[in-house]
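Novice: Chains as they are written, first to last, in the working numbering: chain A, 226 to 416; chain B, 226 to 416.
There are 2 protein chains.
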Amino acid sequence: MPKAGLTAADVVGAGAQLADDVGFANLAMGTLATRLGVRTPSLYKHIDGLAQLQHDIATLAMTELGDAVRDAMQGRAGPDALAAFAQTFRAYVTAHPGRYAATVGALFTGPDDPLLRASTRVLDSIAAVLRGYNVGENEITHAIRTLRCTFHGFATLQAANAFQWTGDPEETFDWMIRFIDRGLRTDTPPQ
Amino acid sequence: MPKAGLTAADVVGAGAQLADDVGFANLAMGTLATRLGVRTPSLYKHIDGLAQLQHDIATLAMTELGDAVRDAMQGRAGPDALAAFAQTFRAYVTAHPGRYAATVGALFTGPDDPLLRASTRVLDSIAAVLRGYNVGENEITHAIRTLRCTFHGFATLQAANAFQWTGDPEETFDWMIRFIDRGLRTDTPPQ
DNA sequence: CAGCGTTGGCTAATTAAATTAGCTTAATGG
DNA sequence: CCATTAAGCTAATTTAATTAGCCAACGCTG
Numbered sequence: 226m227p228k229a230g231l232t233a234a235d236v237v238g239a240g241a242q243l244a245d246d247v248g249f250a251n252l253a254m255g256t257l258a259t260r261l262g263v264r265t266p267s268l269y270k271h272i273d274g275l276a277q278l279q280h281d282i283a284t285l286a287m288t289e290l291g292d293a294v295r296d297a298m299q300g301r302a303g304p305d306a307l308a309a310f311a312q313t314f315r316a317y318v319t320a321h322p323g324r325y326a327a328t329v330g331a332l333f334t335g336p337d338d339p340l341l342r343a344s345t346r347v348l349d350s351i352a353a354v355l356r357g358y359n360v361g362e363n364e365i366t367h368a369i370r371t372l373r374c375t376f377h378g379f380a381t382l383q384a385a386n387a388f389q390w391t392g393d394p395e396e397t398f399d400w401m402i403r404f405i406d407r408g409l410r411t412d413t414p415p416q
Numbered sequence: 226m227p228k229a230g231l232t233a234a235d236v237v238g239a240g241a242q243l244a245d246d247v248g249f250a251n252l253a254m255g256t257l258a259t260r261l262g263v264r265t266p267s268l269y270k271h272i273d274g275l276a277q278l279q280h281d282i283a284t285l286a287m288t289e290l291g292d293a294v295r296d297a298m299q300g301r302a303g304p305d306a307l308a309a310f311a312q313t314f315r316a317y318v319t320a321h322p323g324r325y326a327a328t329v330g331a332l333f334t335g336p337d338d339p340l341l342r343a344s345t346r347v348l349d350s351i352a353a354v355l356r357g358y359n360v361g362e363n364e365i366t367h368a369i370r371t372l373r374c375t376f377h378g379f380a381t382l383q384a385a386n387a388f389q390w391t392g393d394p395e396e397t398f399d400w401m402i403r404f405i406d407r408g409l410r411t412d413t414p415p416q
């Protein structure tokens, strides 16, 4: 009986792939074990259980997303950076709906949760986008959160396949980016 | 053994309440049965199973939300209508996080799915908000979808308790409303 | 008021999935 | 070459959903 030689990263990676393939809700230990050519209990040598696996997939997704966004934004600023962020975000969620779904509803286990770190990196990229616009000092956190909500909303609706939309979501997404760009260009009035 | 005299609506309503109390992910047939003073299999006399129950809760949530929003928007237009919609939306999700979570990831079973009807009503309210702004004819669907994404994003982040935010989300939400209002006021340039 | 069908409840059994216990063997390092 | 550890396995347990099949209460009707 040759050893499969799995690592925790292998299991999480295959789990993420499985979630993308069959949907996050259908992620199951048995299916994953089969796919890895192993019996179900063997997975417990590498991960703590289903809940842990789901959390790890969420962390993987946020990390990958953060990396992709950071790469795409290299050397861009202002509207270019916004477009790069948005397009990359959307491309990631399209390519990896199951992974992204894992991040929806995932909770932070504490201040040193890797998921929290990964999420913070993504928020930092949003902050970097905003540096290219003239947003007041005490408005900036509100702006970060607003952008986060908008992109997250689009992503969850897409990941949930909620778009019974006629026509291409792409076109709406572009409109959304222009809407945000226009909003960020206008000086934010004193509140 | 006196009959409890349950109806399907009772079961769905109690399920919704339970989801709000313990979180949608922890909604279980056994807990619900206990809460209704009944054994688990008895629930199947009224509903088709857990998946059906979840779908029904989502429909209930969308219906309640649509009614609340419609009520709040009575006699308002433009920025007032926008504020009324947004505040009501947020209040509903705050009061009923479990119900709203049920709507995330719920799929339409077909063109006559009551959930689809209820969702459409909410979208109609968004369309009504936009009638108070000067949005071009062929921009309007994009605008509807953009607003939907933004509010839905806020709602899911809040329902998932993802706000490790310092300070009051309320303030950010107000900022978000003003941001949208400002964006809708500026004439949308020809694309 | 008795009969009787329908409804809504029950217990017991089944299924499915996650998890745990305990055993075995391949790799590795002294 | 042995001893330790790690990674797999089978078998057992637990938990939750669901199904099967029985029984009593309610509401009607003759």
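For each residue, glycine too, the CB sits at the ideal point set by N, CA and C.
1) For valine 360 (chain A), would you say it is in contact with chain B, using Cβ-to-Cβ distances shorter than 8 Å as the test?
2) Checking contacts by CB at 8 Å: is leucine 348 (chain A) closer than that to chain B?
3) Contact criterion: CB-CB distance below 8 Å. Does arginine 324 (chain B) meet it with respect to chain A?
4) Below 8 Å on C-beta distance, what does glutamine 299 (chain A) contact in chain B?
5) Using the beta-carbon of each residue, which ones in chain B are nearer than 7 Å to arginine 407 (chain A)?
6) Can you find a C-beta in chain B that's less than 8 Å from the C-beta of glutamine 277 (chain A)?
7) Please state whether DSSP places glutamine 448 (chain A) in a helix, a strand or coil.
8) Is the separation between the beta-carbon of glycine 323 (chain A) and that of glycine 248 (chain A) shorter than 8 Å?
9) Could you check how far apart the C-beta atoms of glycine 291 (chain B) and arginine 346 (chain B) are, in whole angstroms? I think they sit under 8 Å.
10) Starting from arginine 373 (chain A), follow the alpha helix (DSSP H) in both directions and report where the run begins and ends.
11) Compute the Euclidean distance between the alpha carbons of aspartate 296 (chain A) and methionine 287 (chain A), then round it to the nearest angstrom.
12) Got a sec: which bits of the segment 324 to 342 of chain A sit with their beta carbon under 8 Å from any beta carbon on chain B, in order along the chain?
13) Tell me the rounded alpha-carbon separation between alanine 276 (chain A) and glycine 255 (chain B).
14) Using 8 Å as the limit for Cβ to Cβ distance, is histidine 280 (chain B) near chain A?
15) In chain order, what residues of the same chain lie with their CB nearer than 7 Å to the CB of leucine 257 (chain B), ignoring the 5 residues before and after it?
16) Between proline 336 (chain B) and histidine 280 (chain B), what straight-line distance do the alpha-carbon atoms span, to the nearest angstrom?
17) Name, please, each residue of chain A whose Cβ falls closer than 8 Å to the Cβ of phenylalanine 447 (chain B).
18) Short of 7 Å in beta carbon distance, which residues of its chain neighbour methionine 298 (chain B), apart from the five on each side in sequence? Order them along the chain.
19) Closest by CA to alanine 234 (chain B), which one among B:Gly303, B:Leu261, B:His377, B:Ala368?
20) Tell me whether the beta-carbon of histidine 377 (chain B) lies closer than 8 Å to the beta-carbon of threonine 381 (chain A).
21) Just to confirm, are leucine 409 (chain A) and tyrosine 325 (chain A) a CB contact at a threshold of 8 Å?
22) Could you give the DSSP three-state label for leucine 231 (chain B): helix, strand or coil?
23) Which of the three DSSP states is assigned to valine 237 (chain A) in this structure?
24) Could you check whether the Cβ of valine 263 (chain B) sits closer than 8 Å to any Cβ belonging to chain A?
25) Report the neighbours of glutamine 312 (chain B) on chain A: residues whose CB is nearer than 9 Å to its CB, in chain order.
26) Closest to phenylalanine 398 (chain B) by C-alpha separation, out of B:Asp338, B:Thr313, B:Arg301, would be which residue?
Specialist: From the atom records:
1) Stepping through the first sequence from its first residue, residue 360 (chain A) is reached at position 135. Closer than 8 Å: no.
2) Translated into positions along the first sequence, residue 348 (chain A) becomes position 123. It does not: the Cβ of leucine 348 (chain A) has no partner Cβ on chain B nearer than 8 Å.
3) Taking the first residue of the second sequence as 1, we reach residue 324 (chain B) at position 99. Not one chain A Cβ lies under 8 Å of arginine 324 (chain B).
4) The residue given as residue 299 (chain A) occupies position 74 in the first sequence. Correct list: empty, because the minimum Cβ distance to chain B is about 26 Å.
5) Residue 407 (chain A) sits at position 182 when you count from the first residue of the first sequence. Chain B residues near arginine 407 (chain A): Gly408, Thr411.
6) Here the question's residue 277 (chain A) lines up with position 52 in the first sequence. It does not; no Cβ of chain B falls within 8 Å.
7) Only positions 226 to 416 of chain A appear in this structure, which leaves residue 448 (chain A) out of reach.
8) Counting from one through the first sequence, the residue named residue 323 (chain A) turns up at place 98. Counting from one through the first sequence, the residue named residue 248 (chain A) turns up at place 23. It is a contact, given that the beta carbons lie within the stated cut-off.
9) Along the second sequence, read from residue 1 onward, the residue named residue 291 (chain B) stands at position 66. Along the second sequence, read from residue 1 onward, the residue named residue 346 (chain B) stands at position 121. 4 Å between Cβ atoms; contact.
10) Locating residue 373 (chain A) in the first sequence gives position 148, where the first residue counts as 1. Taken as a continuous stretch (DSSP letters only), the alpha helix (DSSP H) holding arginine 373 (chain A) covers 365 to 384.
11) In the first sequence, residue 296 (chain A) corresponds to position 71, counting from 1. In the first sequence, residue 287 (chain A) corresponds to position 62, counting from 1. The straight-line gap from Cα to Cα measures roughly 14 Å.
12) Ala326, Val329, Gly330, Ala331, Leu332, Phe333, Leu341
13) Numbered from its first residue, the first sequence carries residue 276 (chain A) at position 51. Numbered from its first residue, the second sequence carries residue 255 (chain B) at position 30. Cα to Cα, alanine 276 (chain A) sits roughly 21 Å from glycine 255 (chain B).
14) To locate residue 280 (chain B), count along the second sequence from 1; it is residue 55. Not closer than 8 Å to any Cβ of chain A, the Cβ of histidine 280 (chain B) fails to qualify, so no.
15) The residue given as residue 257 (chain B) occupies position 32 in the second sequence. Around leucine 257 (chain B): Ala239, Gly240, Leu243, Leu268.
16) Here residue 336 (chain B) refers to the residue found at position 111 when the second sequence is read from its first residue. Here residue 280 (chain B) refers to the residue found at position 55 when the second sequence is read from its first residue. So the two alpha carbons sit approximately 15 Å from each other.
17) The structure shown does not extend to residue 447 (chain B), since chain B is modelled only from 226 through 416, so no value can be given for it.
18) What you label residue 298 (chain B) is simply residue 73 of the second sequence in a count that begins at 1. Only Ala306, Ala309, Phe310, Ser350, Ala353 meet the Cβ criterion.
19) The sequence position of residue 234 (chain B) within the second sequence is 9, counting from 1. Among B:Gly303, B:Leu261, B:His377, B:Ala368, the Cα nearest to that of alanine 234 (chain B) is on B:Leu261.
20) Here residue 377 (chain B) corresponds to residue number 152 of the second sequence, with the count starting at 1. Here residue 381 (chain A) corresponds to residue number 156 of the first sequence, with the count starting at 1. Cβ distance < 8 Å, so histidine 377 (chain B) and threonine 381 (chain A) count as in contact.
21) For the purposes of this step, residue 409 (chain A) is taken as the residue at position 184 of the first sequence. For the purposes of this step, residue 325 (chain A) is taken as the residue at position 100 of the first sequence. Cβ distance not < 8 Å, so leucine 409 (chain A) and tyrosine 325 (chain A) don't count as in contact.
22) For the purposes of this step, residue 231 (chain B) is identified with residue 6 of the second sequence, where counting begins at 1. Leucine 231 (chain B) falls in the coil class under three-state DSSP.
23) What you label residue 237 (chain A) is simply residue 12 of the first sequence in a count that begins at 1. Reduced to three states, the DSSP call for valine 237 (chain A) is helix.
24) Residue 263 (chain B) sits at position 38 when you count from the first residue of the second sequence. It does not: the Cβ of valine 263 (chain B) has no partner Cβ on chain A nearer than 8 Å.
25) Here residue 312 (chain B) refers to the residue found at position 87 when the second sequence is read from its first residue. Result: empty, since nearest Cβ-Cβ is about 15 Å, beyond 9 Å.
26) What you label residue 398 (chain B) is simply residue 173 of the second sequence in a count that begins at 1. Of B:Asp338, B:Thr313, B:Arg301, the residue nearest in Cα terms is B:Thr313.
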